[in-house]
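Quick note on numbering: the sequence shown equals residues 1 to 313 in my numbering. Idealized CB from N, CA, C, for every residue including glycine. Worksheet: the structure to be examined is printed underneath.
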Amino acid sequence: MKSLPLGNLGTFAIAAKHLSFTKAAQEVHLTQGAVSQQIRLLEEKLGFELFIRHHRRLELTSAGARLAMQLDHSFTELKGLIKALKDEQNSDILTLSVMPSFATKWLIPRLGRLRDMYPDLQLRIQANDGEVNFQQDRIDVAIVHSLVNTGDCQATPLLKDDVFPVCSPAFLHDTQLESPSDLATVPLLNDDSEWRFFSPYAEWDSWLSMMKVKGVVASRGISFNRGDLAVQAAIAGQGVALGRTPLVMDDIKEGRLVCPFNEKLDAGNAYLFVCPEVNMKRESIRSLLRWLVSECYFYDPEASLTTPESVAT
1 MKSLPLGNLG
11 TFAIAAKHLS
21 FTKAAQEVHL
31 TQGAVSQQIR
41 LLEEKLGFEL
51 FIRHHRRLEL
61 TSAGARLAMQ
71 LDHSFTELKG
81 LIKALKDEQN
91 SDILTLSVMP
101 SFATKWLIPR
111 LGRLRDMYPD
121 LQLRIQANDG
131 EVNFQQDRID
141 VAIVHSLVNT
151 GDCQATPLLK
161 DDVFPVCSPA
171 FLHDTQLESP
181 SDLATVPLLN
191 DDSEWRFFSP
201 YAEWDSWLSM
211 MKVKGVVASR
221 GISFNRGDLA
231 VQAAIAGQGV
241 ALGRTPLVMD
251 DIKEGRLVCP
261 FNEKLDAGNA
271 YLFVCPEVNM
281 KRESIRSLLR
291 WLVSECYFYD
301 PEASLTTPES
311 VAT
């Protein structure tokens, strides 16, 4: 069967509702003859009759009644979908692209406070570990690492990204780590997600070089393509990971992780709030940025790069 005449199906659904070509004609602004002709053409196309035509009334055939019932159900669903799409277009839902590890370890635990401060803010979170194409992916704002190209967008630094060794308290107790050279005797946990064009052990190599430690082979451990996995492995006592400040601050505060050494590698990296300039006109985006900055400042002033007062209200 060739494609169905959708316009004729719509006319049939209306005629079936009224059981009258005349009333259907009034609703679709056609003549009674035009409606009758559309139904005839539809019946020819389908290969079966839809109405029993009495002298002064119409009656649906069995096939016509089944088709009318299905069309009524389908048109009701279609109307609901159109309304939902229209409501979505008219709403102020923000689509936030955020790195998966940052979302898991920092953002999600704080969403309750965002909801308390801005209960009407509608947020859609999209996990993305690469560069963001705002227009193509229909992204409004993003939180990215400073190693990711942000193009011509406006960028606001949120949190410094120092890296430093972390492990579970039980692991530290069992291994008795006293100096960085002792790392040669324990498994190292690697996060290579930020180093796609470098060695997967580049961060450990940089930290060990800063500490002037020799003889520690980072590749003896396990590598993960997400920072939160390396952190979770450290919490589980599987070794020593290099923790990024935003990804381990909660675990350190709550005692799930400890820092065996105090030295931090500061390569000048940070997590950034990134947004096309034109989007900053939306009050909902400015509200989200104000909350993010205040949350970073409130929770860990030393790690914050921006104070609440520096974001225009």
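Taking C-alpha positions only, residue 125 is separated from residue 143 by approximately 11 Å. DSSP places residue 171 outside any beta strand (DSSP E); the residue lies instead in the alpha helix (DSSP H), whose first and last residues are 169 to 175.
Residue 191 has 224 as its beta-bridge partners, per DSSP. With at least 16 other beta carbons inside 10 angstroms of its own, residue 51 counts as buried. Put simply, the segment 212 to 225 does not touch the segment 250 to 262. Fewer than three CB pairs are less than 8 Å apart. Nearest Cα to residue 280 within the set 178, 295, 155, 180: 155. Contact check for residue 264 and residue 163: beta-carbon distance about 7 Å, within the 8 Å limit, so the pair qualifies. Non-local beta-carbon contacts of residue 146 in its own chain, meaning distances under 7 Å to residues more than five positions away in sequence, involve 269, 270, 272 in chain order. The segment 113 to 124 makes contact with the segment 90 to 100: 3 or more CB pairs, one atom from each, lie closer than 8 Å. In the displayed model, residue 261 falls within coil according to three-state DSSP, outside both helix and strand.
Counting C-beta pairs with one atom in each stretch, the segment 65 to 72 and the segment 4 to 19 have three or more that are closer than 8 Å, which means they touch. For the pair residue 278 and residue 140, the Cα-to-Cα distance works out to about 10 Å.
For residue 165, there is no enclosing alpha helix (DSSP H); the residue is found in the beta strand (DSSP E) stretching over 163 to 166.
Contact annotation, residue 76 with residue 161: C-beta distance approximately 52 Å; criterion of less than 8 Å not satisfied.
Residue 119 and residue 63 have their C-alpha atoms roughly 51 Å apart. Per DSSP, residue 216 is not a residue of any alpha helix (DSSP H), being assigned neither H nor E. Under DSSP, residue 160 shares a beta bridge with 270. Membership of residue 132 in any alpha helix (DSSP H) is not indicated, and neither H nor E is assigned to it by DSSP.
Between residue 5 and residue 45, the C-beta spacing is below 8 Å. Looking at the DSSP output, residue 243 sits in a beta bridge with 164. Around the beta-carbon of residue 295, 16 or more other beta-carbon atoms lie within 10 Å, marking it buried. Distance from residue 181 to residue 227 at the Cβ level is roughly 25 Å; contact not present, criterion being Cβ atoms closer than 8 Å. The C-beta separation of residue 24 from residue 31 comes to about 11 Å, leaving the pair out of contact by the 8 Å criterion. By the Cβ neighbour-count rule, residue 285 is buried, with 16 or more other Cβ atoms within 10 Å of its own. Per DSSP, the unbroken alpha helix (DSSP H) holding residue 27 starts and ends at 21 to 28.
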